[in-house]
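Read the structure below first, then the notes.
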Amino acid sequence: MPIISSVGKCFFCNVEYKKAGISKHLNTHLAKENKGEGNKTSFHIRIDYDPSMAGFFFLNLWVDGDSYLSDIDDFLRKIWLECCGHMSAFTNAKDGERYSMYEINDMESDMDDCMNSAIKNIFTKGTKLKYEYDSGNTTTLILKVLERLPVEVPGGIILLSRNEPLEIMCEVCKSAPAVTMCTTCYDPNTFCTKCAKKHAMKCEDFEEYSSLPVVNSPRMGICAYYGGTIDNQRDGVFVKK
11 MPIISSVGKC FFCNVEYKKA GISKHLNTHL AKENKGEGNK TSFHIRIDYD PSMAGFFFLN
71 LWVDGDSYLS DIDDFLRKIW LECCGHMSAF TNAKDGERYS MYEINDMESD MDDCMNSAIK
131 NIFTKGTKLK YEYDSGNTTT LILKVLERLP VEVPGGIILL SRNEPLEIMC EVCKSAPAVT
191 MCTTCYDPNT FCTKCAKKHA MKCEDFEEYS SLPVVNSPRM GICAYYGGTI DNQRDGVFVK
251 K
């Protein structure tokens with residue numbers, strides 16, 4: 011597979027930056043938003059797909075300190091994850107404290123903290139959390155708090171940046187963007203519209219259940235994920251320039 015470039019646009023100036031540089035750039039804008047509003051608190055958070063997997067997907071969020079972990083959970087589900095209402099949980103990388111959807115961890119006999127905890131009581135600069143969605147076909151994300159700011163966030167959560175749709179090409183013709191993938195075939199398994207029709211003639215599973223759309227999410231191709239419900243303009247297929 012060719013090297014895939016991961017870039018994101020800045021919420022403030024709409025300039026495109028590489029994945030490695032977008033967070034630093036956003037912090038320069040956030041510093042100008044630092045109005046010192048007394049006891050107000052907010053956080054610049056970076057969210058990456060599990061680095062042990064393909065590390066192309068990322069989000070940069072600006073989250074109000076009065077928001078709950080459940081608000082972040084809800085946002086992640088809407089933009090990247092929700093397919094079948096699976097369970098999810100956050101785990102603090104430093105002390106192992108776990109925050110799940112419910113107080114009782116169904117997998118163990120001990121108690122978990124609920125996600126209804128204000129993040130200002132949990133986050134400091136440098137805090138790292140592991141987030142897991144779906145205990146079966148798990149999608150793992152890593153959250154890191156990059157900055158704490160004494161200013162509130164209108165609406166609770168602002169999407170500062172997100173990786174633009176990845177340049178995923180059809181593995182058959184190698185000339186057109188892939189629009190669908192086959193979850194039962196592996197070589198090839200991404201197809202443009204034309205090549206997908208040809209694949210359907212050879213793979214019985216494709217038309218019945220194994221065809222899933224190419225989307226801008228680490229949940230792509232897993233379970234029954236068909237895409238997000240917010241920021242739809244960046245959730246689609248790579249557009250060839």
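Taken in order, the sequence shown gives residues 11 to 251; the numbers are from the numbering used here.
No residue lacks a Cβ here, since even glycine has one placed at the ideal position from N, Cα and C.
Residue 197 is classed as exposed because its beta carbon has fewer than 16 other beta carbons within 10 Å across all chains shown. Scanning its chain for C-beta atoms nearer than 6 Å, with the 5 sequence neighbours on each side dropped, one finds around residue 51 the residues 75 and 130, in chain order. Taking residue 110 as reference, the option from 78, 93, 215 and 158 with the minimal CA-CA separation is 78.
When 214, 174, 38 and 193 are compared, the shortest CA-CA separation from residue 244 is found for 174. Restricted to the segment 11-61, the alpha helix (DSSP H) segments that are unbroken, complete and at least 4 residues in length are 29-42, listed in chain order.
Residue 172 carries a strand assignment under DSSP once its states are collapsed to helix, strand and coil. Residue 199 holds the alpha-carbon nearest to the alpha-carbon of residue 184 among 193, 69 and 199. As computed with DSSP, residue 153 is found in a beta bridge with 57 and 139. When the alpha-carbon of residue 43 is set against those of 207, 29, 163 and 172, the nearest one is in 163.
For residue 191, the enclosing beta strand (DSSP E) has its first and last residue at 190-192. Collapsing the DSSP output to three states places residue 242 in a helix. Within the model, the alpha-carbon separation for residue 154 versus residue 58 is close to 9 Å.
Taking every protein chain shown into account, the CB of residue 138 has fewer than 16 other CB atoms within 10 angstroms, so this residue is exposed. In the structure shown, the three-state DSSP call for residue 74 is strand.
For residue 103, no beta strand (DSSP E) segment is defined, and its DSSP state is neither H nor E. Distance from the CA atom of residue 28 to the CA atom of residue 68, rounded to whole angstroms, is 11 Å.
The beta carbons of residue 151 and residue 21 sit no closer together than 8 Å. With a 10 Å radius around the Cβ and a threshold of 16 neighbouring Cβ atoms, residue 206 comes out buried. Look at residue 230 here: in three-state DSSP terms it is coil, with no helix or strand label. Spanning the alpha carbons of residue 103 and residue 213 requires a straight line of approximately 43 Å. Ranked by Cα distance from residue 88, the first of 249, 251, 242 and 238 is 238.
By the 16-neighbour rule on beta-carbons within 10 angstroms, residue 141 is buried. Taking C-beta atoms under 8 Å as the contact rule, residue 73 and residue 132 fail to qualify, at a distance of about 11 Å.
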